[in-house]
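Participant: Heads up: the sequence lines are chains E and D, in that order.
Per my numbering, residue 1 is the first one in the first sequence, and the count goes up by one each step.
Per my numbering, residue 194 is the first one in the second sequence, and the count goes up by one each step.
Where is the CB? At the ideal position from N, CA and C, for every residue including glycine.
In this text the structure is predicted, and so the values were computed from the model without any measurement.
The structure that follows is given in the form of structure tokens.
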Amino acid sequence: MYCMGKNDHAAISAILAGDKEAYGELVMRHSQSLFRAAFRITGNEADAEDVVQEAFLRGYRKLESFESRSEFGTWIYQIAVRCALDKIGGHPADETSRVAGADDPEQDEIQVADGAAGPDRLLLSGEIAALQERAMRSLTPAERTAFVLRHMEDRTIAEIAAALGIEPNAAKQTVFRAVQKLRSRMAPLRMKR
Amino acid sequence: MKHLSEAELIECFYNKNKAANRASRHLERCVSCAEAYAELQNDLALITPAEPPARDAAYGARVWASISASLPRLEERKRRWLRISIWSVLSYASACALLISCAFYTGRLWEHRQPPITAAKQSPPETKQRVVLVLLGDHLDRSERLLVELKHADADSTEMVSPLRDEARSLLAANRICRQEVKQQDDPALAEALARLDHLLAELANQQDGLNAAALARLQEEMNSNSLLFEVRVLRSRIPDQKPAENSRSKGGAI
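Pasting the structure below:
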């Protein structure tokens, strides 16, 4: 029986030898980091939880192909990113929280997601948060994922490329396009500063 | 001065820890690019990472509890794969063994139905005849040279006479083989000439005390009276040369 507290590779060896319970150790060890990344990509708590479960299920099914040279944490993280990408690719934008004119940057200054917003709530911080959310939703799933990984998760271009299954140069271009779009969307705030 | 593009500024922003970055050095010297970079920094600073809702320490355990039931044991899967593999390997092995057995049995049957191939069938008569002719031609060549040397031999020169006797002994054995071969052919002239050659070779080979003048004279007389040398030359001329092409080639090469 696998002894709790050993490293990831020992746990994987135990799982491959038939000790299914050893996978529980890996799940408990990496769930938090996967949830954090999944939430940032999907922007939704329930979706993020689904992504975490799906990632661990896929990881278990592919575990026999896992190369012992790499880190399990990095490997399962990449699987989670792809699951999250699938998730937002299926329904890229949450239409219920999207307001009319989302694609029109000129209206970003006067419309926010919350329809019940009054003048007292149009504080700058709230405006920034709303604009940021709208700007993020304007990105394609790949752009959003690449930007989240680069800007928020501080992942390298090589890691992003591996997670998205694309070439590093393509990953760099995707990040670049995402930043350009976001800056364009956030331009109204630049006027106010 | 070439200014930095937006892509280079973005790359510089995310790689700001690299001191050796070319863009970083440019920013220190170029005011307009520095302003553009400051603007980019401000824009990206506004995009703060969304703080995910806190998950308690038991979150991992909950995730595990939700998925553990649907995970099969990998060993079981391996064993199932192994069973399939063993069965398929056994099937392949049985099929191969059956195929080999059939091929072997068919081969045996086919072999029994075929008449045995004898050595005589394997070598056609033409080939044997060609071999006999080559041997006979070679034997007559050597005999002719011996008879020429015997004709001009001097009994006083033992250095010359002694090799004659040795060559005669060697030719005697070959001559008997040739006579046996010739007996099977209908060629009385050749058979008679070989018989006389046999007699002469036997006398020459059996000179125990060396070849003295009297014995040499007797042998020379016998050879002349029989016209043996002439007859050997005629017989040799009847046998076709085995290497005409080679000879012509060597002649052509000399030219």
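Within 10 angstroms of the Cβ of Y230 of chain D, are there 16 or more other Cβ atoms? Answer buried if so, exposed if not.
Facilitator: Classification of Y230 of chain D: buried, given that the 10 Å Cβ count is 16 or more.
Participant: Could you give the residue range of the alpha helix (DSSP H) that holds T241 of chain D?
Facilitator: First-last for T241 of chain D: undefined, no H or E at that position.
Participant: For a cutoff of 9 angstroms on Cβ pairs, would you count I79 of chain E as touching chain D?
Facilitator: no
Participant: Looking at the unbroken alpha helix (DSSP H) that takes in H219 of chain D, where does it start and where does it end?
Facilitator: 215-222
Participant: Pick from E:E127, E:G126, E:E167, E:K172: whose alpha carbon is nearest that of R144 of chain E?
Facilitator: E:K172
Participant: I need the straight-line Cα distance from A438 of chain D to L422 of chain D, nearest angstrom please.
Facilitator: Low per-residue confidence applies at A438 of chain D: pLDDT is 44, beneath 50, and the placement is therefore not dependable, though the value from the model is reported in the following sentence. Answer to the nearest angstrom: the Cα atoms are 28 angstroms apart.
Participant: For L164 of chain E and chain D, any beta-carbon pair shorter than 9 angstroms?
Facilitator: no
Participant: Around the C-beta of I448 of chain D, are 16 or more other C-beta atoms found within 10 angstroms, so that it is buried, or is it exposed?
Facilitator: Any reading at I448 of chain D is ruled out, since the residue's pLDDT is 36, under 50, leaving its predicted position unreliable.
Participant: Within this structure, are the beta carbons of F56 of chain E and Y23 of chain E separated by less than 9 angstroms?
Facilitator: Yes, they are a contact pair.
Participant: With 16 other CB atoms within 10 Å as the buried threshold, where does Q53 of chain E fall?
Facilitator: buried
Participant: Of the residues E:F72, E:E21, E:I166, E:G89, which one's Cα is nearest the Cα of G43 of chain E?
Facilitator: E:G89
Participant: Here's the rule: buried if 16 or more other CB atoms are within 10 angstroms of the residue's CB, otherwise exposed. What is V81 of chain E?
Facilitator: buried
Participant: What separation, rounded to the nearest whole angstrom, lies between the Cα atoms of G115 of chain E and H30 of chain E?
Facilitator: With a pLDDT of 43 at G115 of chain E, under the threshold of 50, the modelled position of that residue is not reliable, and the figure given next carries that caveat. Each residue's alpha carbon lies about 38 angstroms from the other.
Participant: Counting pairs of Cβ atoms below 8 angstroms between the region 240-260 of chain D and the region 194-204 of chain D, do you hit three or more?
Facilitator: no
Participant: Do K181 of chain E and R266 of chain D come within 9 angstroms of each other at the CB atom, strictly closer than that value?
Facilitator: no
Participant: List the residues of chain D whose Cβ lies closer than 8 angstroms to the Cβ of L57 of chain E, in chain order.
Facilitator: I260, S263, L264
Participant: Short of 6 angstroms in beta carbon distance, which residues of its chain neighbour G59 of chain E, apart from the five on each side in sequence? Order them along the chain.
Facilitator: I76, I79
Participant: Leaving out five residues before and five after F39 of chain E in sequence, what residues of the same chain have Cβ atoms less than 7 angstroms from its Cβ?
Facilitator: E45, A48
Participant: Using CA coordinates, which residue listed in D:N235, D:T241, D:L220 is at the minimum distance from R150 of chain E?
Facilitator: Per the Cα distances, D:T241.
Participant: Leaving out five residues before and five after L365 of chain D in sequence, what residues of the same chain have Cβ atoms less than 8 angstroms from its Cβ?
Facilitator: D391, L394, A395, A398
Participant: Would you kindly check if the distance between the Cβ of L139 of chain E and the Cβ of A170 of chain E is under 9 angstroms?
Facilitator: By the CB criterion at 9 angstroms, A170 of chain E and L139 of chain E fall outside the cutoff.
Participant: Quick one: does K20 of chain E have its CB under 9 angstroms from some CB of chain D?
Facilitator: yes
Participant: From the beta carbon of F66 of chain E, is the nearest beta carbon of chain D less than 9 angstroms away?
Facilitator: no
Participant: Determine, using beta carbons only, whether Q400 of chain D and R358 of chain D come nearer to each other than 9 angstroms.
Facilitator: yes
Participant: Threshold first: 4 residues or longer. Then list the alpha helix (DSSP H) segments lying entirely within the region 351-419 of chain D, N to C.
Facilitator: 351-377, 381-398, 406-418
Participant: Would a check of beta-carbon distances place E199 of chain D closer than 9 angstroms to chain E?
Facilitator: For E199 of chain D, the nearest beta carbon of chain E is closer than 9 angstroms to its own beta carbon.
Participant: Determine, using beta carbons only, whether Y230 of chain D comes closer than 9 angstroms to chain E.
Facilitator: No, no contact with chain E.
Participant: What does the Cβ neighbour count give for L302 of chain D, buried or exposed, with the cut at 16 atoms within 10 Å?
Facilitator: Exposed is the call here.
Participant: CA-CA distance, C289 of chain D and H305 of chain D?
Facilitator: 24 angstroms
Participant: Please report the distance separating the alpha-carbon of L16 of chain E from that of E64 of chain E.
Facilitator: 7 angstroms
Participant: In three-state terms, what does DSSP make of A187 of chain E?
Facilitator: The answer is helix: DSSP assigns A187 of chain E an H, G or I state.
Participant: Determine, using beta carbons only, whether L239 of chain D comes closer than 9 angstroms to chain E.
Facilitator: yes
Participant: Please decide whether H9 of chain E counts as near chain D, where near means a Cβ-Cβ distance under 9 angstroms.
Facilitator: no
Participant: Would you identify the three-state DSSP class for Q132 of chain E, choosing helix, strand or coil?
Facilitator: helix
Participant: According to the neighbour-count rule (16 or more other Cβ atoms, all chains shown, within 10 Å of its Cβ), is I110 of chain E buried or exposed?
Facilitator: Confidence at I110 of chain E is low in this model, with a pLDDT of 37, below 50, so the placement of that residue should be treated as unreliable; the coordinate-derived value is given next. I110 of chain E is exposed by the Cβ-count criterion.
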